[in-house]
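A short worksheet on the structure shown next.
In structure tokens form, the structure reads like this:
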């Protein structure tokens, strides 16, 4: 188990470097709106939704209704439909850990798990679990640190809400450069751009996710799995 934890920690280091910084950005933004570190802690433990937590700050401060919050959450997190479908087989043997694995499947954690190869001598189930757990711990620590720092110092938070988008772009580019085949990547980008043009920036996420899922299923059934 110690080796499994150690290997999982090593695998999670790239996300650690980003999540501590991004978590700090979230904590600072939340503190700047008058919410204490307790809110940062609670949101990072029980919500843990990355970009949605940044949006939640605006929802809290604007007095958004429950219905509006639900719709916004669905729009922003619709991409997890794709993530979840691709992880069904990988999570089928997780047992009692499965609910947490589903809960903790953020963009960056997904990028690690989807290509994770369990090191020799490690327990696969707990290797995946510890990667997910470590990633959330990094986010929690960053959020707390940012909130505390924000309460002690006066910091200009302009642009901090772009930090999550920047990390996601870096991860996508890294995966593109290291992969041998890019068919599914082209499908995703092509459909997203088309839906953006057709539906606009406020409503393109759900249509693009639906079309991407249907397209990937079709291509996979036609033998496209060889071009992943």
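Numbering (full-length UniProt numbering), first residue to last: 1 to 228.
Glycine is no exception: its CB is placed at the ideal position from the N, C-alpha and C atoms.
Residue 104 and residue 136 closer than 8 Å at C-beta
yes
Residue 202 - DSSP class collapsed to helix/strand/coil:
coil
Would you mind sorting residue 200 into buried or exposed? The rule is 16 or more other CB atoms within 10 Å of its CB.
exposed
What is the rounded straight-line gap between the Cα of residue 62 and the Cα of residue 69?
11 Å
So, residue 142 versus residue 20, is the Cβ gap smaller than 8 Å?
yes
Could you check whether the stretch 22 to 34 touches the stretch 46 to 57, counting it as contact only if at least three pairs of C-beta atoms, one from each stretch, sit closer than 8 Å?
yes
What residue from 202, 112, 214 has the CA that sits closest to residue 75's CA?
202
Residue 177 to residue 65 span [Cα, whole Å]
42 Å
Going by DSSP in three states, residue 183 sits in which element: helix, strand or coil?
helix
Which of helix, strand or coil does DSSP assign to residue 222?
coil
Rounded to a whole number of angstroms, what is the C-alpha to C-alpha distance between residue 170 and residue 185?
15 Å
Taking the straight line between their C-alpha atoms, what separation do you get for residue 193 and residue 209?
12 Å
Could you tell me if residue 17 is buried or exposed, where buried requires 16 or more neighbouring beta carbons within 10 angstroms of its beta carbon?
exposed
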